[in-house]
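Visitor: The following block contains the structure, expressed as C-alpha cells.
Protein chains: 2
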Amino acid sequence: MPVADLACHPLSFDMAEVFDEQQDAPGLTKGQRTLLKVKAAVARALEQTPYQMLRISDVADQAQISYGLFYHYYKDKERATVEVLLDFLEHLEKTYAQIHVSDDDYASLYQPNLFYLDVNRRNAGLIRACLTVSEEVESFREQYTLLIDRWHRRMAQSIRRNQKTTDELLPDAELVAYGVGGMIDQYCRQVYAQQNPFLSRLIENTHHFAETVSIMWYRAVYGRSPTKQQILNCRPDHKSGE
Amino acid sequence: MPVADLACHPLSFDMAEVFDEQQDAPGLTKGQRTLLKVKAAVARALEQTPYQMLRISDVADQAQISYGLFYHYYKDKERATVEVLLDFLEHLEKTYAQIHVSDDDYASLYQPNLFYLDVNRRNAGLIRACLTVSEEVESFREQYTLLIDRWHRRMAQSIRRNQKTTDELLPDAELVAYGVGGMIDQYCRQVYAQQNPFLSRLIENTHHFAETVSIMWYRAVYGRSPTKQQILNCRPDHKSGE
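Protein chains in written order, with UniProt numbering: chain A, 1 to 242; chain B, 1 to 242.
Below is the structure:
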C-alpha cells in the first residue's frame, strides 16, 4: 500500500507502542504494568477487528493473559475500549500541542497535518472505534465532542488571526474551521478506514498526502496559494538549515 | 431551526413528494400507483426513523396500507429501502445535471452547492440511510460507490479545465475533488444528520451555508477568492436581470 512510509512526523505514534513504553516507567506496581499490557492488547485488537465484532478472547490472545485477568481490570469490552480511547485522545491532544509552531504560515499547517494524517494512518482502528463508540456510549460521546469543539475553537482562533479584517464578505472563522476539519477527517476516513482503492492510488505517501491537504487548506483559509518555495521547504527531501 | 428556509434552489426536492407526484402520471396501472404510494411511505418513514430501527408497521402506517400489501411488493425492508434509495440517487443525479451552468465561475459552484445542500436538508433520513445500507448491502454499495466516483470524475474535469496549467506544484485534480466533496458531505452530516447544535447555530439559512461552502471551495480550487460582486450576485436578495 503506497500510503505507508517510514520516517514521517517525529511526534507521530502508534498507541499500542505508547502503552508498551509506559510499562517501562520507573516506580510502577506489577498491577499497573499489567493494566498497561491489557490496554496495549485492546489497542492492537482494535486495529485488527472492528469494535462491534471485538471479543475479549481477541484481547486475551493479544496480551497472552487469561480472561480472568482481563475481568480483574474491566467489567466488559465497552469499559476497556472507552478507557483506551480516552487515553489515546489525551495523548493525541498533548502531543499535538508540542508541535513546533513555525514562523512560516504554510509550514504551520503542513507540520500538524503531516502529524495528524500519520496518526490516523497508524491508529486507523482506534479512530474508527471513536466513531462507533461515540454513537453507543453517551459519556464517551460527550468527551469526544468536547475535544472536537476545542480543536475547532483553536483552529478558528488561528484563522481569525490570519484573516484580512478589511474583507467584509469573509466567511465566519468557526464555519471555515469546521470545513477544513471535515475535509481532513473525510479524507482519512476514505483512505485509512474504508481504504477506497481509487483514492489510495492517487496518494504517493503521507508526505504527498499532507502537501495536498495543506495546499487546499491554505487556499481555503487565506484565499491565495502558498509560494513554490514554501511548498518545497516542507518536502522531506529538502535540505537546509532547519 | 435556523437552517430551514422556504424558497431555495428551484430544482431542490423532497423525495417522498416526488413519489407522490409520480402517482398522477397518465397511463399508470392501479398496481403501479400503489407501488409509488408504498415508496413514498418508505421515504417518509426513513425521515423519522433510522433504517436500523425501521419496522414494516411504520411504513404501513404511513401509507395506510396493510402488511399484506407491502409484502406483495417487497420481500423485506431491505429490498424496499434499496429500491427507494436507488430511485432517490437516480433522481438526484438527473436533476443535478439539469442545473443551469453559469458563465460566472463562482455562480457555477454556488448554484449546484445550494441545490445539493437543500436536497441534503430535505432528505436527511435518506442520505443517512445511504450510508447505513451501503455498509450492509454489497449490491447497493457498488452502485453507490459508482455514483460517487462519477461525481468526483466530473468535478475533477471541471477543476482541470479551470486550473492554470503553468503551475507545476498544483495538487492533483482528482484528489482536490475528493477534498471539496468530503468537505461538503461532512458539513451535511454534522448539520443535518447529527444536528450538531454549535455548528447549526453558525448557519443562518441554506443560502448562507451555500455561500460559505462555495467561497471555501472556490478558494481551495482556484487559489484566490471570488470577487465581492460575484458573491453578491448569487445572494437571494440580489435584484437584477438574470
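Every residue, glycine too, gets a C-beta built ideally from N, C-alpha and C. Keep in mind that this is a model prediction, so the values were computed, not measured.
Give the residues of chain B in contact with leucine 199/A, contact being defined as C-beta atoms less than 9 angstroms apart.
Guide: Within the first sequence, the letter at position 199 stands for residue 199/A. Chain B residues near leucine 199/A: His152, Glu174, Leu175 and Tyr178.
Visitor: Determine, for leucine 69/A, whether the minimum Cβ-Cβ distance to residues of chain B falls below 8 angstroms.
Guide: Locating residue 69/A in the first sequence gives position 69, counting from the first residue. Output row for leucine 69/A: interface = no.
Visitor: Given valine 124/A, which residues of its chain have a CB within under 6 angstroms of its CB, disregarding the five upstream and five downstream residues?
Guide: Taking the first residue of the first sequence as position 1, residue 124/A is located at position 124. Checking the displayed sequence, the identity of residue 124/A turns out to be alanine instead of valine. Only Tyr192 and Ala193 meet the Cβ criterion.
Visitor: So who's on the other strand from arginine 122/B, going by DSSP bridges?
Guide: As a first step, residue 122/B is located in the second sequence; it is residue number 122 there, counting from the start. None; arginine 122/B has no bridge partner.
Visitor: Just the chain B side, please: which residues come within less than 8 angstroms of proline 112/A by C-beta, in chain order?
Guide: As a first step, residue 112/A must be located in the first sequence, where it is residue number 112. Going along chain B, no residue has its Cβ under 8 angstroms from proline 112/A, so there is no contact; the nearest lies around 17 angstroms.
Visitor: Return the CA-CA distance between phenylalanine 115/A and lysine 77/B, expressed in angstroms with no decimal places.
Guide: Counted from its first residue, the first sequence places residue 115/A at position 115. Counted from its first residue, the second sequence places residue 77/B at position 77. Spanning the two alpha carbons is a distance of roughly 44 angstroms.
Visitor: Out of curiosity, what's the CA-to-CA distance linking alanine 97/B and valine 119/B?
Guide: Taking the second sequence and counting its residues from 1, one reaches residue 97/B at position 97. Taking the second sequence and counting its residues from 1, one reaches residue 119/B at position 119. Cα to Cα, alanine 97/B sits roughly 14 angstroms from valine 119/B.
Visitor: So that I know if they touch, is there some Cβ in chain A lying closer than 8 angstroms to that of glycine 125/B?
Guide: The residue labelled residue 125/B in the question sits at position 125 within the second sequence. Chain A contact via Cβ: absent.
Visitor: Tell me the DSSP secondary structure of arginine 235/B in three-state form.
Guide: Counting from one through the second sequence, the residue named residue 235/B turns up at place 235. DSSP places arginine 235/B outside both helix and strand once states are collapsed to three, so it counts as coil.
Visitor: Within 8 angstroms (strictly less), CB to CB, does methionine 183/A reach chain B?
Guide: By 1-based counting over the first sequence, the position of residue 183/A is 183. Interface residue, yes.
Visitor: Using the beta-carbon of each residue, which ones in chain B are nearer than 9 angstroms to valine 202/A?
Guide: On the first sequence, position 202 is the one that residue 202/A refers to. Note on identity: in this sequence residue 202/A is leucine, with valine being the wrong assignment. Under the 9 angstroms cutoff, chain B gives Asp172, Glu174, Leu175 and Tyr178.
Visitor: Determine the closest residue to leucine 202/B out of Glu90/A, Tyr178/A, Gln23/A and Leu54/A, with distance taken between C-alpha atoms.
Guide: Within the second sequence, numbered from 1, the residue matching residue 202/B stands at position 202. With distances taken between Cα atoms, leucine 202/B lies closest to Tyr178/A.
Visitor: Buried or exposed for methionine 183/A, going by 16 or more other Cβ atoms inside 10 Å?
Guide: As a position in the first sequence, residue 183/A is number 183, starting the count at 1. Flag for methionine 183/A reads buried.
Visitor: Let me make sure I understand the geometry here. Which of Met216/B, Met53/B and Ile127/B has the alpha-carbon closest to that of aspartate 87/B?
Guide: The residue you call residue 87/B lines up with position 87 of the second sequence. Nearest C-alpha to aspartate 87/B: Ile127/B.
Visitor: If I follow the unbroken alpha helix (DSSP H) through aspartate 20/A, where does it start and stop?
Guide: Your numbering for residue 20/A matches position 20 in the first sequence. Its alpha helix (DSSP H) spans residues 15-22.
Visitor: With 8 angstroms set as the bound, which would you pick, yes or no: does the beta-carbon of phenylalanine 19/B sit closer than that to a beta-carbon of chain A?
Guide: Here residue 19/B refers to the residue found at position 19 when the second sequence is read from its first residue. Answer no: the Cβ-Cβ gap between phenylalanine 19/B and chain A never drops below 8 angstroms.
Visitor: Taking the beta carbon of methionine 53/A as the centre, do at least 16 other beta carbons fall within 10 Å, making it buried, or is it exposed?
Guide: Position 53 of the first sequence, counting from 1, holds the residue named residue 53/A. By the neighbour-count rule (16 or more Cβ atoms within 10 Å), methionine 53/A is not buried but exposed.
Visitor: Residues in the same chain with beta-carbon distance under 8 angstroms from histidine 91/B, minus the five sequence neighbours each way, listed in chain order, please.
Guide: The residue you call residue 91/B lines up with position 91 of the second sequence. Phe13, Met15 and Val18, listed in sequence order.
Visitor: Does any residue of chain A bring its CB to less than 8 angstroms from the CB of serine 225/B?
Guide: In the second sequence, residue 225/B corresponds to position 225, counting from 1. Output row for serine 225/B: interface = yes.
Visitor: Check whether chain A comes within 8 angstroms of methionine 53/B, counting only Cβ atoms and requiring the distance to be less than that.
Guide: Position 53 of the second sequence, counted from the first residue, corresponds to residue 53/B. Methionine 53/B does not count as touching chain A.
Visitor: Please report the Cβ distance between leucine 109/B and tryptophan 217/B, rounded to the nearest whole angstrom; I am assuming they are in contact, meaning their Cβ atoms lie under 8 angstroms.
Guide: For the purposes of this step, residue 109/B is identified with residue 109 of the second sequence, where counting begins at 1. For the purposes of this step, residue 217/B is identified with residue 217 of the second sequence, where counting begins at 1. Between tryptophan 217/B and leucine 109/B the Cβ distance is about 5 angstroms, and since that is below 8 angstroms, they are a contact.
Visitor: If you follow the alpha helix (DSSP H) that valine 101/A is in, where does it begin and where does it stop?
Guide: In the first sequence, counting from the first residue as 1, residue 101/A sits at position 101. Segment: none, valine 101/A is in no alpha helix (DSSP H) and carries neither H nor E.
Visitor: Quick check: is the beta carbon of arginine 219/B nearer than 8 angstroms to any beta carbon in chain A?
Guide: Residue mapping note: residue 219/B aligns to position 219 of the second sequence, counting from 1. So yes, arginine 219/B belongs to the interface.
Visitor: Please check if any C-beta of chain A sits within less than 8 angstroms of the C-beta of aspartate 237/B.
Guide: The sequence position of residue 237/B within the second sequence is 237, counting from 1. Not one chain A Cβ lies under 8 angstroms of aspartate 237/B.
Visitor: Just to confirm the assignment, what range does the alpha helix (DSSP H) spanning methionine 216/A have?
Guide: For this step, residue 216/A is matched to residue 216 along the first sequence. Residues 206-222.
Visitor: Compute the beta-carbon to beta-carbon distance between arginine 160/B and alanine 173/B, rounded to the nearest angstrom, for a pair I have assumed lies under 8 angstroms.
Guide: Mapped onto the second sequence, residue 160/B falls at position 160. Mapped onto the second sequence, residue 173/B falls at position 173. That belief holds up - the Cβ atoms of arginine 160/B and alanine 173/B are roughly 4 angstroms apart, short of 8 angstroms.
Visitor: How about isoleucine 56/B: is its C-beta nearer than 8 angstroms to some C-beta of chain A?
Guide: The residue you call residue 56/B lines up with position 56 of the second sequence. It does not; no Cβ of chain A falls within 8 angstroms.
Visitor: Would you say glutamine 186/A reaches chain B, if we count a Cβ-Cβ gap shorter than 8 angstroms as a contact?
Guide: Within the first sequence, the letter at position 186 stands for residue 186/A. True, the Cβ-Cβ gap to chain B drops below 8 angstroms.
Visitor: Any contact of the stretch 40-51 of chain A with the stretch 60-70 of chain A, i.e. 3+ C-beta pairs under 8 angstroms?
Guide: yes
Visitor: The alpha helix (DSSP H) spanning proline 197/A covers which residue range?
Guide: Position 197 of the first sequence, counted from the start, is the residue given in the question as residue 197/A. Note, proline 197/A: alpha helix (DSSP H), 197-202.
Visitor: Could you give the residue range of the alpha helix (DSSP H) that holds glycine 27/B?
Guide: The count along the second sequence starts at 1 and reaches residue 27/B at position 27. That residue, glycine 27/B, is in no alpha helix (DSSP H); it is neither H nor E in DSSP.
Visitor: Using a Cβ cut-off of 8 angstroms (strictly closer), state whether methionine 155/B contacts chain A.
Guide: As a working note, residue 155/B is residue 155 in the second sequence. Closer than 8 angstroms: no.
Visitor: What did DSSP end up calling serine 12/B once you bin it into helix, strand or coil?
Guide: Counting from one through the second sequence, the residue named residue 12/B turns up at place 12. Serine 12/B: coil per DSSP, three-state reduction.
Visitor: If we ignore side chains and look at the alpha-carbon of each, how far apart do arginine 235/A and valine 213/A end up?
Guide: One-based indexing of the first sequence puts residue 235/A at position 235. One-based indexing of the first sequence puts residue 213/A at position 213. Cα to Cα, the separation comes out at about 14 angstroms.
Visitor: So with CB distances below 9 angstroms, who are the chain B contacts of glutamine 190/A?
Guide: Here residue 190/A corresponds to residue number 190 of the first sequence, with the count starting at 1. Chain B residues near glutamine 190/A: Tyr178 and Gly182.
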